[in-house]
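Just so we're aligned: the sequence shown equals residues 10 to 296 in the working numbering. Idealized CB from N, CA, C, for every residue including glycine. Read the structure below first, then the notes.
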Amino acid sequence: MSLSLQRQIGTTSSFRIPQVLTEARVGGRCGEILGLPFFVSSLFIFAFLFAFHKRFLLLWNILNHSIFAMKFFIDTANLKEIQEAHLLGVLDGVTTNPSLMAKEGITGKDNIMRHYKAICDIVDGDVSAEVISTDLEGMIREGEELIEIDEKIVVKIPMIKDGVKALKYFSGKGVRTNCTLIFSAGQALLAAKAGATYVSPFIGRLDDISTDGIALIEQILTIYRNYGYETQVLAASVRHPMHILQCAELGADVMTGPLSAIEALLKHPLTDIGLAKFLSDYQKGNS
Ligand SMILES: O=P(O)(O)OC[C@H]1O[C@](O)(CO)[C@@H](O)[C@@H]1O
10 MSLSLQRQIG TTSSFRIPQV LTEARVGGRC GEILGLPFFV SSLFIFAFLF
60 AFHKRFLLLW NILNHSIFAM KFFIDTANLK EIQEAHLLGV LDGVTTNPSL
110 MAKEGITGKD NIMRHYKAIC DIVDGDVSAE VISTDLEGMI REGEELIEID
160 EKIVVKIPMI KDGVKALKYF SGKGVRTNCT LIFSAGQALL AAKAGATYVS
210 PFIGRLDDIS TDGIALIEQI LTIYRNYGYE TQVLAASVRH PMHILQCAEL
260 GADVMTGPLS AIEALLKHPL TDIGLAKFLS DYQKGNS
């Protein structure tokens, strides 16, 4: 045993430190004991990381994108628009509501159910289908019928007292829900506590009454992050591309908007002018 260590624990102590440890730590023979294998394995790890770092980065980006990137839902019941957004390659899901279904002339329970199925057949992501009932039993009955249509269906429930109870009921059964008609952070907190999968704060309708819809998104995100709620913030009633960008800056989980707002993201006059010039220069040299 080394002298200094022996002094610290006392010469009469019955506690004996194994010689290999005292020598390795106190006597500085760590290098001798671990040196070569440690050096060789570090070299291998370094070489491995260097050779595959691009693949790791790619994997990280894919994971990062699929888990954290803001999802794009289209807010319509129009099959042509849904198909168009799907073909654009950026569509992650669809939201509908009774007004949007009525706008497409879809009436009667069977037609409505068939229409939801047609939407599910186009998209690869979640499809929100809203209940009409306003009492707990009715919402449960409707929700259970809706989820039979397709596994992509998310039951959309209004933010009312029985709606909160229905959210709790469905979350207990593992059924995904979207709590709609959210206009305050308090409502969003309640929906998260009841286990909603998504909450839909209506940005545009708040803006319409001179209230800052985007500020509500920020407030809800802060609250959810404070407590680690898994409920996703689905920014709804999006009206234009600036809403989409503001939601992305704040880190909203999802935005749902009309096709026009999504397509407006790709437009810039300088892009059109630049493209026209490229094509005319090409024509000059190749005609
Ligand atoms: O104010 P708008 O444009 O009618 O939007 C209402 C919103 O309500 C919802 O039903 C909420 O999900 C969406 O379909 C839509 O974004």
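If you draw a 10 Å sphere on the C-beta of residue 184, you find 16 or more other C-beta atoms in it, and that means buried.
Residue 211 has its CB nearer than 7 Å to a heavy atom of ligand 1. Beta bridge pairing from DSSP links residue 108 with no other residue. In the three-state scheme derived from DSSP, where H, G and I count as helix and E and B as strand, residue 287 is classed as helix. Looking from the CA of residue 223, the closest CA among 242, 47 and 179 belongs to 242.
Secondary structure of residue 90 (DSSP, three-state): helix.
Contact annotation: residue 112 and residue 159 have beta-carbon atoms that are not nearer than 8 Å. Between the stretch 186-204 and the stretch 214-234, the count of Cβ pairs shorter than 8 Å is three or higher; the stretches touch. Beta bridge pairing from DSSP links residue 264 with 81 and 244. When the beta-carbon positions are compared, residue 161 and residue 129 come within less than 8 Å of each other.
At a Cβ-Cβ threshold of 8 Å, residue 245 and residue 209 count as neighbours. In terms of side-chain proximity, the C-beta atom of residue 84 is found nearer than 7 Å to a non-hydrogen atom of ligand 1. The Cβ atoms of residue 250 and residue 85 lie no closer than 8 Å to each other. No heavy atom of ligand 1 is found nearer than 7 Å to the CB of residue 185.
Residue 83 and residue 230 have their alpha carbons spaced roughly 21 Å apart. Note on geometry: alpha-carbon atoms of residue 135 and residue 95 lie some 13 Å from one another. For residue 167, the pairing in a beta bridge is given by DSSP as 189. Between residue 170 and the set 264, 187, 179 and 200, the nearest pair of CA atoms involves 200.
Distance from the Cα of residue 124 is smallest, within the candidate group 105, 66 and 295, for 105. Annotation: residue 203 to residue 189 spans about 13 Å, alpha carbon to alpha carbon.
In the structure shown, residue 50 falls within a helical segment according to DSSP collapsed to helix, strand and coil. Residue 146 counts as exposed, since fewer than 16 other C-beta atoms from the protein chains shown sit within 10 angstroms of its C-beta.
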